[in-house]
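In our numbering, the protein residues as written are 1 to 76. Glycine residues also receive a C-beta, built at the ideal position from the N, C-alpha and C atoms. To keep things clear, I will list the structure first and then write my remarks on it.
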């Protein structure tokens, strides 16, 4: 099963219409899982009042938040 189908039940916040992880700890755990899934380094970054996952896929910088309890890539 892909990580993108797994439910995200961590606390979230909304910042500029993006649903983000509320805590750095929760985001860090998902960053570790995502790094394995995409086979690339993933970090966490403070975005307004929440935390996003950040990494590179196919040479493109990406950020992920949450949508409908699933990880979702959003435009930076």
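Of the residues 69, 3, 63, the one whose Cα lies closest to the Cα of residue 51 is 63. Where residue 36 is concerned, there is no enclosing beta strand (DSSP E), although the alpha helix (DSSP H) around it starts and stops at 24-38. Burial of residue 18 is indicated by the presence of at least 16 other C-beta atoms within 10 angstroms of its C-beta. At the C-beta level, residue 44 and residue 31 come within 7 Å of one another.
With distances taken between CA atoms, residue 13 lies nearest to 49 out of 57, 49, 75.
Rounded to the nearest whole angstrom, the CA to CA distance from residue 28 to residue 53 is 8 Å. A direct Cα-Cα distance of roughly 28 Å separates residue 9 from residue 58.
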